[in-house]
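Numbering (our numbering), first residue to last: 33 to 343.
In structure tokens form, the structure reads like this:
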């Protein structure tokens, strides 16, 4: 078996077959994807014990991925993990003799190329559909795990300013995620953000939303992403590995474009929201010097800016 090819990437195999897996096999897939550093040392019996399923089910899972038994599956997983561990060594060989300015130029140039590629390949019709779905949904749920969490935070922050009824899913487990979205239905929408290594927790949230007939939008890297399995609207942005971290510049640009498009679609609502915020800022001195000064034993707010204005 050529374990170096994309076709034989064990995680790629899992992602490709995930939608057709049984419930128990999906549980194995999710554990391996999220905890590969533990799974690589487990026998079929130990993995089954960890997940509360039989050893034979684990063996059938390996066979279902095209491996001749669990030992061959475990060997492929070991090679995949080793490949990940070698990332730092490869980066050292690539950039080890480069100056800091050369590294800066190389990484920024790579990010520019990713944005350009995203511009040329993003489906404008899908983008417009995503804008309409977000505006029309009763509640918009947003999920992004691990390195995608800042993207989810960013989108959630601005959607709250534009439309309200935005639920950012924060969780360390699948069960907690389901608890936060238990009331999702056909009137709602979810935006799932995930890039390699894809998050099974995000995928499960999207599957659950799809089962509840909610509108599902994904922001991911390509048509081969498993995030597309349950999505009715796919926004693709390049996010290749250029160092020991993923580049999130292009995905962030797509999210920026979504926010701008949403603002232009609902200018009056955005204006009203900003005016409400401004009133709050003024009433509670948010943008004044609100450090507390102590005079004697009585703390008072420093209203120096307001006093200068009134003078």
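The beta carbon of each residue, even a glycine, is placed where N, CA and C say it ideally should be.
Item	Value
Residues near residue 76 by beta carbon distance below 7 Å, same chain, minus five either side	87, 90, 91 and 102
Segment contact flag, the stretch 182 to 199 with the stretch 137 to 144, C-beta cutoff 8 Å, min 3 pairs	no
CB-CB length for residue 201 against residue 213, believed under 8 Å	6 Å
Same chain only: Cβ atoms within 8 Å of residue 245, ignoring 5 sequence neighbours per side	217 and 218
Residue 200, DSSP secondary structure in three states	strand
Proximity winner among 299, 49 and 286, relative to residue 146 (alpha-carbon distances)	286
Where residue 42 falls, given that 16 or more other Cβ within 10 Å makes a residue buried	buried
According to DSSP, residues forming a beta bridge with residue 173	199 and 222
Enclosing alpha helix (DSSP H) for residue 64 [first to last residue]	55 to 66
Which residues DSSP lists as bridging residue 378, in chain order	This structure gives no information on residue 378, because the portion of the chain shown stretches from 33 to 343.
Element boundaries [alpha helix (DSSP H), containing residue 186]	181 to 194
Inter-residue spacing [alpha-carbon to alpha-carbon] between residue 195 and residue 308	13 Å
Cβ shell of residue 112 (< 6 Å), same chain only, five flanking positions each side left out	42
Three-state class that DSSP yields for residue 255 in the structure shown	coil
Beta-carbon gap between residue 50 and residue 59 smaller than 7 Å	no
Same chain, Cβ closer than 6 Å to residue 225, neighbours up to 5 away in sequence not counted	176, 180, 183, 184 and 251
Opening and closing residue of the alpha helix (DSSP H) in which residue 213 lies	Counting along the chain, residue 213 falls outside any alpha helix (DSSP H), and DSSP gives it neither H nor E.
Cα-Cα separation between residue 417 and residue 47, rounded to whole angstroms	Because the chain is modelled from 33 through 343, residue 417 falls outside the range shown and cannot be assessed.
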